[in-house]
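Participant: Below is a structure I'd like to ask you about.
Number of protein chains: 4
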Amino acid sequence: MEELKKQVYEANMLLPKYGLVTFTWGNVSGIDREKELFVIKPSGIAYEDLKPEDMVVMSLDGKKIEGEYNPSSDTETHRILYQRFPNVGGIVHTHSAWATSWAQAGRGIPCYGTTHADYFYKEIPCVRNLDAKEIEEAYEKNTGVLIADEFEKKGRDYEACPATLCKNHGVFSWGKDAMEALHNAVVIEEVAKMAARTEMINPKVIEAPQVLQDKHYFRKHGANAYYGQTKKVEE
Amino acid sequence: MEELKKQVYEANMLLPKYGLVTFTWGNVSGIDREKELFVIKPSGIAYEDLKPEDMVVMSLDGKKIEGEYNPSSDTETHRILYQRFPNVGGIVHTHSAWATSWAQAGRGIPCYGTTHADYFYKEIPCVRNLDAKEIEEAYEKNTGVLIADEFEKKGRDYEACPATLCKNHGVFSWGKDAMEALHNAVVIEEVAKMAARTEMINPKVIEAPQVLQDKHYFRKHGANAYYGQTKKVEE
Amino acid sequence: MEELKKQVYEANMLLPKYGLVTFTWGNVSGIDREKELFVIKPSGIAYEDLKPEDMVVMSLDGKKIEGEYNPSSDTETHRILYQRFPNVGGIVHTHSAWATSWAQAGRGIPCYGTTHADYFYKEIPCVRNLDAKEIEEAYEKNTGVLIADEFEKKGRDYEACPATLCKNHGVFSWGKDAMEALHNAVVIEEVAKMAARTEMINPKVIEAPQVLQDKHYFRKHGANAYYGQTKKVEE
Amino acid sequence: MEELKKQVYEANMLLPKYGLVTFTWGNVSGIDREKELFVIKPSGIAYEDLKPEDMVVMSLDGKKIEGEYNPSSDTETHRILYQRFPNVGGIVHTHSAWATSWAQAGRGIPCYGTTHADYFYKEIPCVRNLDAKEIEEAYEKNTGVLIADEFEKKGRDYEACPATLCKNHGVFSWGKDAMEALHNAVVIEEVAKMAARTEMINPKVIEAPQVLQDKHYFRKHGANAYYGQTKKVEE
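Chains as they are written, first to last, in full-length UniProt numbering: chain F, 1 to 235; chain S, 1 to 235; chain Y, 1 to 235; chain W, 1 to 235.
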């Protein structure tokens, strides 16, 4: 558990390093699937003051197990995503500027090239706004429910597309652990930036050919991957 | 008073750190409401040469009380805002690039998402140009008068929307003290950047649903706030 | 002369510091009006290798007086500008990205706000391309001739507008010495960036009211200036 | 060979320094034409962990000669370019953000100014997508074949235009050695950025006059070059 707190702390500290957050606008969590406990950043604490021991430990049914501070206000979203996405080991939430601009625009990010296809299979979706009832009832929890429901409804594989935009809000990304989720948060920001500029340069642009998307995705993922130093799935 | 000078000095030094100013294009002030004295940056002094003791002390009726240098040329605007906005403890003026681009465009910043709603309730307004008579008579003073008049006329709560754009000019932000005003100056620049990109990505975009704006604003502000580590209003 | 070489060297070294140049794409010069000698950066030497003693000394009639290296390939443009603009003490040439984008677009930079008006009176012009004959005959020299001719023809005061764009090329700025010219090069890049974004945010935007432009320009320049710490013209 | 490995290592390390790569998204190689061996970055190794001895040595017919790791997954593209472009001594591949946005937009970069013309003669082309058969057969190899074929077919001189975009993918640049190829990778990113902004500022812009393009290209390249400190071709 101390090891997990340290990893989650380090992934949180990389958010400002990679330029993904202003002030306290982001959080990273990681889960220990055996113990069914996840570790998350405390709410509203400045990154420069953050210490590994400030991380909050939560149970999968939503109880605070350990920690001096309140957990991130987005904790319920993380919790639901861990419940609904069983192979996810880490989750990141940010308001990173380019990805959030797509979220504010209410559009998913089309796959315009291999940088996208190397990490995300097909469009990165943008889920709808919660309605008034869903917001009043349980805003953060229902955000998680909505993401998982939309992935199911649209037949999207959360492992092949490890991120989503939330309309008028920001980004959630995930991965096999906190560091991979952080890695994917960096990638989505870069991909969001290039997609916006791509449309600026060519307003009539269409998505990359599916055969090229497949080539790049499967050269890095799955049984026949050959990118990197092993044959296993890696980034 | 020495404490206030130090805080105002430090908030001024954060302007270049956060990328909000080029050369001397910005200033921060803070007020001691009991003594009715405010402290402001001297005019045209480079940030690298600035020292806490260079800060100028002004009275609320516009007399220089202490300080070797002339106060910022925008001092009269600060003074009027302190008079008209009694709960304001600190004020920041910048020409930060994205927010100033909205000001030059003559448009208020629509609320496209929760990053905005977390800090500013509804649109951040852009006040009109002063007319020739107002400029000739007392340019800086009338800038303050105009801001306060427009907030009143439009029924805007200066505490719920702690910033304004001035057409063809730049930004004023405020807060309970100099540091919170500085904090809001950082946020408006980030929000201005994302709003411009949002419209670039979706030219037909509309504002975030009011119910979502309310949720985010009131989760951080007011009696039922639950963001951060206390129940009190905090950022 | 050693003093001038040192100042020109230092102004050159600020080009990469302010993000105005990539590789060797820029140069600063300064003149000693009494001796009628100007000092300029050598051609094609990387900034990290530059030393004060590498600066080249040129006479106003175009002869190399001192220096191991060839002077900047743009030396003839600097020389003509010193001849034609007698109150100029320093000149900067860059391909800074935003200003050069306006130059490539073939447009002068409209005055959209007070940041512009604080330094440049009215639009910053973009001079036309040289024609084939002018290029073949003496490209760099004729660039200087063209700038001075266009300022004359359009009745522009080179002291009130201390910079120009050259179509499909880049920027020249000037000032009372090398440091002021450098300062103006920083300002034009910032102003160019904000003007482009202003048009992106409001494609129908018009220039700032003349009365506001006047107010800001004359609050910093001329007999009645009151910005900064003296009554004299200063930045 | 150790010297070459060191140079290729250093050029690789400059990719993140110049902001051209995120994570491991780029690679540099250099060739020893006498030995017909080229040195390339290993696949998927983080830049902060990279050491000169990690560089992989490959033969021009595609065999790994030396090195602990797998070579870059793009090695076959480099290999074919070395075969087809006999005067090339170094190659760089990146997904640098602005250039890749042009590639994703499927457009070559028009020559809008002298910054472009100083390094690239005429438009920087964007080669078409490979078709399904070419991708399945040998994706990376056929990328190299396509680039060389398109340069031939369009009568483009690979020495006068030392870079290309690959549609929906990224950038390849080259030069007389790894460092010059890296230099050209920096230039194309800067040129791509300014070209996009140029079109934003003036949607009806046309390319720079050919006579101006010629002047700048030939002032730096070829028998009559006079930029820099020698008469020889140099950057």
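We put the beta carbon where it would ideally sit given N, CA and C, even for glycine.
1. Counting contacts by CB-CB distance shorter than 8 angstroms, is I135 of chain W in contact with chain F?
2. Give the C-beta separation of H78 of chain S and F38 of chain S to the nearest angstrom, bearing in mind that I take them to be a contact with Cβ-Cβ under 8 angstroms.
3. Three-state secondary structure (DSSP) at T77 of chain F?
4. Kindly indicate which three-state DSSP category G90 of chain S falls into: helix, strand or coil?
5. Three or more C-beta pairs closer than 8 angstroms, one from the segment 74-88 of chain F and one from the segment 98-107 of chain F: is that the case here?
6. So, does the CB of G108 of chain Y fall closer than 8 angstroms to a CB anywhere in chain W?
7. Going straight from the alpha carbon of K167 of chain W to that of G113 of chain F, what length do you get?
8. Output the boundary residues of the beta strand (DSSP E) element that contains N27 of chain F.
9. Starting from the beta carbon of N12 of chain Y, find every residue of chain W whose beta carbon is closer than 7 angstroms, and list them in chain order.
10. Please classify E2 of chain Y as buried or exposed, where buried requires at least 16 other C-beta atoms within 10 Å of its C-beta.
11. What are the partner residues of L37 of chain S, as DSSP defines its beta bridges?
12. Pick helix, strand or coil for Y18 of chain Y, following the three-state DSSP scheme.
13. Answer with buried or exposed for D61 of chain S, where buried requires no fewer than 16 other C-beta atoms within 10 angstroms of its C-beta.
14. Assuming the contact rule is C-beta atoms closer than 8 angstroms, S73 of chain F and I65 of chain F should be a hit. Round their C-beta distance to whole Å, please.
15. When you check each C-beta in the segment 82-97 of chain F against every C-beta of chain S, which residues fall closer than 8 angstroms?
16. Give every residue of the same chain whose Cβ lies closer than 6 angstroms to the Cβ of F172 of chain F, excluding the five residues on either side of it in the sequence, and list them in chain order.
17. Relative to the C-alpha of G26 of chain Y, which residue among W:C111, W:T115, W:K176 and W:D54 is closest?
18. Just the Cα atoms here: how many angstroms apart are K231 of chain W and Q104 of chain W?
19. In chain order, what residues of the same chain lie with their CB nearer than 7 angstroms to the CB of A223 of chain W, ignoring the 5 residues before and after it?
20. When the Cα of E189 of chain Y is compared with those of Y:A46, Y:L4 and Y:G108, which residue comes out closest?
21. Pick from W:N184, W:Y226, W:V205 and W:G90: whose alpha carbon is nearest that of F23 of chain Y?
22. In the DSSP assignment, find the alpha helix (DSSP H) that holds V186 of chain S and state where it starts and stops.
23. Taking 8 angstroms as the threshold, find out whether the segment 205-225 of chain Y comes into contact with the segment 114-128 of chain Y through three or more Cβ pairs.
24. In chain order, what residues of the same chain lie with their CB nearer than 6 angstroms to the CB of I147 of chain S, ignoring the 5 residues before and after it?
25. At 9 angstroms on the CB atoms, spell out the chain Y contacts of A208 of chain W, in chain order.
26. Please look up how many angstroms separate the CB atoms of A181 of chain S and I124 of chain S, rounded, as I've assumed it's under 8 angstroms.
27. So, does the CB of L50 of chain W fall closer than 8 angstroms to a CB anywhere in chain Y?
28. Which residues mark the beginning and the end of the alpha helix (DSSP H) in which V211 of chain Y is found?
29. Of the residues S:P110, S:E140 and S:A46, which one's Cα is nearest the Cα of H216 of chain Y?
30. Which residues of chain W have a Cβ atom closer than 8 angstroms to the Cβ of T100 of chain F, listed in chain order?
31. List the residues of chain W whose Cβ lies closer than 7 angstroms to the Cβ of Y139 of chain Y, in chain order.
32. List, in order along the chain, the chain S residues whose C-beta lies closer than 7 angstroms to that of L212 of chain Y?
33. On the three-state DSSP scale, how would you describe V233 of chain S?
34. With a threshold of 8 angstroms on Cβ separation, who are the neighbours of K193 of chain Y within its own chain once the five nearest residues in sequence on each side are excluded?
35. So who's on the other strand from P42 of chain Y, going by DSSP bridges?
36. Reducing DSSP to helix, strand and coil, say where V145 of chain S ends up.
Facilitator: Based on what the coordinates show:
1. Residue 135 of chain W sits at position 135 when you count from the first residue of the fourth sequence. Yes, its Cβ sits closer than 8 angstroms to a Cβ of chain F.
2. Taking the second sequence and counting its residues from 1, one reaches residue 78 of chain S at position 78. Taking the second sequence and counting its residues from 1, one reaches residue 38 of chain S at position 38. Their Cβ separation, rounded to whole angstroms, is 7 angstroms, which keeps H78 of chain S and F38 of chain S in contact under 8 angstroms.
3. Here residue 77 of chain F corresponds to residue number 77 of the first sequence, with the count starting at 1. Annotated three-state conformation of T77 of chain F is helix, per DSSP.
4. Taking the second sequence and counting its residues from 1, one reaches residue 90 of chain S at position 90. In the structure shown, G90 of chain S sits in a strand (DSSP, three-state: E or B).
5. Counting Cβ pairs under 8 angstroms, fewer than three are found: no touch.
6. One-based indexing of the third sequence puts residue 108 of chain Y at position 108. No, its Cβ sits nowhere closer than 8 angstroms to a Cβ of chain W.
7. For the purposes of this step, residue 167 of chain W is taken as residue 167 along the fourth sequence, with counting starting at 1. For the purposes of this step, residue 113 of chain F is taken as residue 113 along the first sequence, with counting starting at 1. Each residue's Cα considered, the two are about 8 angstroms apart.
8. Your numbering for residue 27 of chain F matches position 27 in the first sequence. It spans G26 to D32 - the beta strand (DSSP E) in which N27 of chain F sits, taken as one unbroken run.
9. Residue numbering aside, residue 12 of chain Y sits at position 12 when the third sequence is read from its first letter. Under the 7 angstroms cutoff, chain W gives no residues; its nearest Cβ is about 16 angstroms from N12 of chain Y.
10. Locating residue 2 of chain Y in the third sequence gives position 2, where the first residue counts as 1. Burial call: exposed.
11. Position 37 of the second sequence holds residue 37 of chain S. For L37 of chain S, which the question treats as bridged, DSSP gives the partners S:D32 and S:S59.
12. Mapped onto the third sequence, residue 18 of chain Y falls at position 18. Three-state result, Y18 of chain Y: coil.
13. For this step, residue 61 of chain S is matched to residue 61 along the second sequence. Of the other Cβ atoms in all chains shown, fewer than 16 fall within 10 Å of the Cβ of D61 of chain S; this residue is therefore exposed.
14. As a first step, residue 73 of chain F is located in the first sequence; it is residue number 73 there, counting from the start. As a first step, residue 65 of chain F is located in the first sequence; it is residue number 65 there, counting from the start. In this structure S73 of chain F is not in contact with I65 of chain F, their Cβ atoms being roughly 18 angstroms apart against a cut-off of 8 angstroms.
15. H95 and A97
16. Sequence index remark: in the first sequence, residue 172 of chain F carries index 172 (1-based). Non-local C-beta neighbours of F172 of chain F in its own chain, meaning closer than 6 angstroms and more than five positions away in sequence, comprise H93 and T164, ordered along the chain.
17. The residue you call residue 26 of chain Y lines up with position 26 of the third sequence. The option with the nearest alpha carbon to G26 of chain Y is W:T115.
18. Locating residue 231 of chain W in the fourth sequence gives position 231, where the first residue counts as 1. Locating residue 104 of chain W in the fourth sequence gives position 104, where the first residue counts as 1. Any answer about K231 of chain W is weak, because its pLDDT of 44 lies below 50 and its placement is not dependable; what the coordinates show is given next. Rounded to whole angstroms, K231 of chain W to Q104 of chain W spans 39 angstroms at the Cα level.
19. As a first step, residue 223 of chain W must be located in the fourth sequence, where it is residue number 223. Counting only Cβ-Cβ distances below 7 angstroms, and skipping sequence neighbours, we find nothing.
20. Your numbering for residue 189 of chain Y matches position 189 in the third sequence. Nearest option by C-alpha distance: Y:G108.
21. Position 23 of the third sequence, counted from the start, is the residue given in the question as residue 23 of chain Y. Per the Cα distances, W:N184.
22. The residue labelled residue 186 of chain S in the question sits at position 186 within the second sequence. Here the alpha helix (DSSP H) through V186 of chain S covers A178 to I201.
23. In this structure the segment 205-225 of chain Y lies against the segment 114-128 of chain Y, because at least three pairs of beta carbons, one per stretch, are closer than 8 angstroms.
24. Working through the second sequence from its first residue, we reach residue 147 of chain S at position 147. For I147 of chain S, where only same-chain residues beyond five positions count, the Cβ hits under 6 angstroms are V127 and T164.
25. In the fourth sequence, counting from the first residue as 1, residue 208 of chain W sits at position 208. Result: Q104, N129, K167, N168 and H169.
26. The sequence position of residue 181 of chain S within the second sequence is 181, counting from 1. The sequence position of residue 124 of chain S within the second sequence is 124, counting from 1. Actually they are not in contact, since the Cβ atoms of A181 of chain S and I124 of chain S sit about 14 angstroms apart, beyond 8 angstroms.
27. By one-based count along the fourth sequence, residue 50 of chain W stands at place 50. Not closer than 8 angstroms to any Cβ of chain Y, the Cβ of L50 of chain W fails to qualify, so no.
28. Stepping through the third sequence from its first residue, residue 211 of chain Y is reached at position 211. Element bounds for V211 of chain Y: Q210 to K220.
29. Locating residue 216 of chain Y in the third sequence gives position 216, where the first residue counts as 1. Nearest to H216 of chain Y by alpha-carbon distance, out of S:P110, S:E140 and S:A46, is S:E140.
30. In the first sequence, the residue the question calls residue 100 of chain F occupies position 100. Ordered by position in chain W, no residue passes the 8 angstroms Cβ test against T100 of chain F, which lies about 17 angstroms from the chain.
31. The sequence position of residue 139 of chain Y within the third sequence is 139, counting from 1. Near Y139 of chain Y (Cβ distances below 7 angstroms), the residues of chain W are K215.
32. Mapped onto the third sequence, residue 212 of chain Y falls at position 212. What L212 of chain Y touches in chain S: N129, I135 and N168.
33. For the purposes of this step, residue 233 of chain S is taken as the residue at position 233 of the second sequence. Caution applies to V233 of chain S, whose pLDDT of 31 falls short of 50 and renders its modelled position unreliable; the value that the coordinates give is listed next. Coil.
34. What you label residue 193 of chain Y is simply residue 193 of the third sequence in a count that begins at 1. Excluding residues within five positions, the ones whose Cβ falls inside 8 angstroms are W98.
35. Along the third sequence, read from residue 1 onward, the residue named residue 42 of chain Y stands at position 42. The partner list for P42 of chain Y (beta bridge, DSSP) reads Y:P71.
36. Reading the second sequence from its first residue, position 145 is the one you call residue 145 of chain S. In the structure shown, V145 of chain S sits in a helix (DSSP, three-state: H, G or I).
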